[in-house]
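In terms of the numbering used here, the numbers along the sequence shown are unbroken and rise by one, the last being 851. Glycine included, each C-beta is placed from N, C-alpha and C at the ideal position. What follows is one structure encoded as structure tokens, with my remarks underneath.
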Amino acid sequence: MSNIKIELTKNPKPKSKNFNFGKNFTDHMFIMDYDEGIGWHNQIIKPYGPLTIDPSCSCLHYGQEIFEGLKAYRTKDNVIQLFRPLENFKRMNASCDRMCIPFIDEKIALNALITLLKIDSEWVPYEEGATLYIRPFIIATENALGVHRSNSYKFIIIMSPSGAYYANGLSPIKIFVEKDYVRAVPGGTGTAKTGGNYAASIKSQNIAKKAGYNEVLWLDGIHRKYIEEVGAMNIFFRINDKIITPKLNGSILCGITRDSIIQLVKDWNLPFEERKIDVDEILNAYDNNTLQEVWGTGTAAVVSPVGTLGYNNKILNINNNKIGDISKKLYDNLTGIQFGKLPDQHNWILKLEND
Ligand SMILES: *Cc1c(COP(=O)(O)O)cnc(C)c1O
């Protein structure tokens, strides 16, 4: 069984209805250390609070770190459940591999998360559509300058309550197609959820925000022509009733929401292709009036309809800036499964048992 040391807080925090996502955290966090020669050890759940690290700590200088993102949902019957959590820990290990971080035991990580969730279960929101966002991450902690693989690490899980993503219903977003900066290249770190990818994206995101866009759509790093993905979302198009999404190519992050959406599309026997998509194909489809829907997929928004695409001074208005039928149906179905309103035909749900 579990050998997690547990230190409960003496000062539980008040829970506010104003979730202020990403800024408020639950009462506790999980930490596990790695040291060369020992492996992962020292599992502890303790009050949420600052870490003490040496200024020479290697992650601060060379960015050897990775993270994950998933959510806990409360059903109408008051059951707390997770959506495909083992997939997150598998992907975490894939990120570990790329970043030379020692692998974690996926079962131990999941057990740690479940134990933490049970302790902080009251933090899983009761409000319709609200969730508890879970952020597992690993940082390199060797106290030494010089670029090399760290000999010590910390695996940490923190959790932040999050209000309904679409407080005012699903509203389409504006996306800027980036042709000057790139996110990832073949052989790079695009498939790893590692901090550096996101640090490198902020400049472009700022430019897009100044121009009135919500997000950036990245093109491939070599030709600047094939569609890759959005900030923290994969992307889908519906052209002439066919649903298409870029094929995973070694620089696109393999979203768990993407994979689940593809499964639903297949379940419904909708025409579907996973392949290279030239940005010109999207522009042509728009000109021919066959571009019906565009949407992003990711844990945070689940399905995010795209109402506007801006590329090279050209503005594409998609589906009159309204949510498309398929985007809506996918959103309703996937969130329905996540919140336990619809049957879970693919064994995606892990319910927390009350004990
Ligand atoms: C996390 C992330 C996604 C979406 O992954 P999900 O598992 O669906 O949340 C897509 N692209 C990038 C770059 C990401 O960081």
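Worksheet item: Is it the case that the CB of Lys689 approaches a heavy atom of ligand 1 more closely than 8 Å?
Response: Locating residue 689 in the sequence shown gives position 193, counting from the first residue. Checking every heavy atom of ligand 1 against the Cβ of Lys689, one is found closer than 8 Å.
Discussion item. So for Cys592, helix, strand or coil by DSSP?
Written reply: For the purposes of this step, residue 592 is identified with residue 96 of the sequence shown, where counting begins at 1. In the displayed model, Cys592 falls within a helix according to three-state DSSP.
Discussion item. Within the continuous beta strand (DSSP E) that includes Asn829, where are the two ends?
Written reply: Position 333 of the sequence shown holds residue 829. Counting along the chain, Asn829 sits inside no beta strand (DSSP E); it lies in the alpha helix (DSSP H) bounded by residues Asp821 to Gln834.
Worksheet item: For the candidate residues Ala636, Lys721, Val798 and Ala781, whose alpha-carbon lies nearest to that of Glu532?
Response: In the sequence shown, residue 532 corresponds to position 36, counting from 1. Per the Cα distances, Ala636.
Worksheet item: Mind checking whether Thr627 and Tyr544 have CB atoms under 9 Å apart?
Response: For the purposes of this step, residue 627 is taken as residue 131 along the sequence shown, with counting starting at 1. For the purposes of this step, residue 544 is taken as residue 48 along the sequence shown, with counting starting at 1. Cβ atoms of Thr627 and Tyr544: not closer than 9 Å.
Practice prompt. Give me the Cα-Cα distance between Val775 and Gly708, rounded to the nearest whole angstrom.
Written response: Along the sequence shown, read from residue 1 onward, the residue named residue 775 stands at position 279. Along the sequence shown, read from residue 1 onward, the residue named residue 708 stands at position 212. Rounded to whole angstroms, the separation of the alpha carbons of Gly708 and Val775 is 21 Å.
Worksheet item: Taking 9 Å as the CB-CB limit, is Leu582 close to chain D?
Response: Structure shown: chain D not included; a single protein chain is present.
Discussion item. Beta-carbon within less than 6 Å of Ala919's beta-carbon, same chain only, minus the 5 sequence neighbours each way: which residues are those?
Written reply: Because the chain in this structure spans residues 497 to 851, residue 919 falls outside the shown range and cannot be described.
Worksheet item: How about Glu777 and Ile735: are their beta carbons less than 9 Å apart?
Response: Locating residue 777 in the sequence shown gives position 281, where the first residue counts as 1. Locating residue 735 in the sequence shown gives position 239, where the first residue counts as 1. Cβ atoms of Glu777 and Ile735: closer than 9 Å.
Discussion item. Run through the DSSP bridge pairs and tell me what Ser800 is partnered with.
Written reply: As a first step, residue 800 must be located in the sequence shown, where it is residue number 304. Bridge partners of Ser800: Gly792.
Worksheet entry | Residue burial classification, Asn584 (beta-carbon count within 10 angstroms, cutoff 16) | Along the sequence shown, read from residue 1 onward, the residue named residue 584 stands at position 88. It is buried - the Cβ of Asn584 has at least 16 other Cβ atoms within 10 Å.
Discussion item. Are there any heavy atoms of ligand 1 lying less than 8 Å away from the beta-carbon of Arg631, as far as the coordinates show?
Written reply: Within the sequence shown, numbered from 1, the residue matching residue 631 stands at position 135. No, since every heavy atom of ligand 1 falls outside the 8 Å radius drawn around the Cβ of Arg631.
Worksheet entry | Bridge-paired residues (DSSP) for Glu561 | For the purposes of this step, residue 561 is taken as residue 65 along the sequence shown, with counting starting at 1. Paired residue(s): Ile635.
Worksheet item: Would you call the CB atoms of Leu564 and Ser591 closer than 9 Å?
Response: Indexing the sequence shown from 1 puts residue 564 at position 68. Indexing the sequence shown from 1 puts residue 591 at position 95. Position check: residue 564 holds Glu in this sequence, whereas Leu was assumed. Closer than 9 Å, so yes.
Item to complete: Write down the C-beta distance between Ser697 and Gly746 rounded to the nearest angstrom, noting that I regard them as a contact closer than 8 Å.
Response: Counting from one through the sequence shown, the residue named residue 697 turns up at place 201. Counting from one through the sequence shown, the residue named residue 746 turns up at place 250. Not a contact, Cβ separation roughly 18 Å.
Worksheet item: Between Pro742 and Lys772, is the Cβ-Cβ spacing less than 9 Å?
Response: Start at 1 with the first residue of the sequence shown, and residue 742 comes out as number 246. Start at 1 with the first residue of the sequence shown, and residue 772 comes out as number 276. Their beta carbons are under 9 Å apart, which means Pro742 touches Lys772 by this criterion.
Worksheet item: What does Asp523 pair with, by DSSP beta-bridge criteria?
Response: For the purposes of this step, residue 523 is identified with residue 27 of the sequence shown, where counting begins at 1. For Asp523, which the question treats as bridged, DSSP gives no partner whatsoever.
Worksheet item: Is it the case that the Cβ atoms of Phe526 and Ile500 are separated by a distance below 9 Å?
Response: Stepping through the sequence shown from its first residue, residue 526 is reached at position 30. Stepping through the sequence shown from its first residue, residue 500 is reached at position 4. In this structure, Ile500 lies closer than 9 Å to Phe526 by Cβ.
Discussion item. Given this structure, state the Cα-to-Cα distance separating Ile740 from Gly692, to the nearest angstrom.
Written reply: Working through the sequence shown from its first residue, we reach residue 740 at position 244. Working through the sequence shown from its first residue, we reach residue 692 at position 196. Computed Cα separation, rounded: 29 Å.
Worksheet item: Could you check where the beta strand (DSSP E) with Gln459 kicks off and where it finishes?
Response: Because the chain is modelled from 497 through 851, residue 459 falls outside the range shown and cannot be assessed.
Worksheet item: DSSP beta-bridge partners for Tyr569?
Response: Taking the sequence shown and counting its residues from 1, one reaches residue 569 at position 73. Tyr569 has Gln577 as its beta-bridge partners, per DSSP.
Discussion item. Just list the residues that DSSP pairs His537 with in beta bridges.
Written reply: Locating residue 537 in the sequence shown gives position 41, counting from the first residue. DSSP, once it has assigned bridges, lists Asp529 as partnering His537.
Worksheet item: Should Thr793 be listed as close to ligand 1, given that the test is whether its C-beta is under 8 Å from any heavy atom?
Response: As a first step, residue 793 is located in the sequence shown; it is residue number 297 there, counting from the start. The answer is yes for Thr793.
Worksheet item: How many Å lie between Ala704 and Phe515 at the Cα?
Response: Your numbering for residue 704 matches position 208 in the sequence shown. Your numbering for residue 515 matches position 19 in the sequence shown. Straight-line Cα distance between these residues: approximately 27 Å.
Fill in: Closest by C-alpha distance to Asn785, when choosing among Ile758, Asp737, Ile819 and Asn765
Numbered from 1 along the sequence shown, position 289 holds the residue referred to as residue 785. Nearest option by C-alpha distance: Asp737.
Worksheet item: Taking 8 Å as the line, does the beta carbon of Gly559 fall inside it for any heavy atom of ligand 1?
Response: Taking the sequence shown and counting its residues from 1, the one referred to as residue 559 is at position 63. Not so, every heavy atom of ligand 1 lies at least 8 Å from the Cβ.
Worksheet item: Say the cut is 8 Å; is the CB of Leu470 nearer than that to a heavy atom of ligand 1?
Response: Residue 470 is absent from the structure shown; the chain starts at 497 and stops at 851.
Discussion item. Spatial neighbours of Lys614 within its chain, please: C-beta separation below 7 Å, excluding the five flanking residues on both sides.
Written reply: The residue labelled residue 614 in the question sits at position 118 within the sequence shown. So the qualifying residues of the chain are Leu848.
Worksheet item: At a cut-off of 8 Å, is Met528 close to ligand 1 when judged by its beta-carbon and the heavy atoms of the ligand?
Response: Locating residue 528 in the sequence shown gives position 32, where the first residue counts as 1. The answer is no for Met528.
Practice prompt. Please name the residue, chosen from Lys699, Pro508, Tyr694 and His719, that lies closest to Trp619 on a Cα-to-Cα basis.
Written response: Residue numbering aside, residue 619 sits at position 123 when the sequence shown is read from its first letter. Answer by Cα proximity: Pro508.
Practice prompt. Inspect the CB distances between the region 675-693 and the region 637-652 and report whether three or more fall short of 8 Å.
Written response: With contact defined as three or more Cβ pairs closer than 8 Å, the region 675-693 and the region 637-652 are not in contact.
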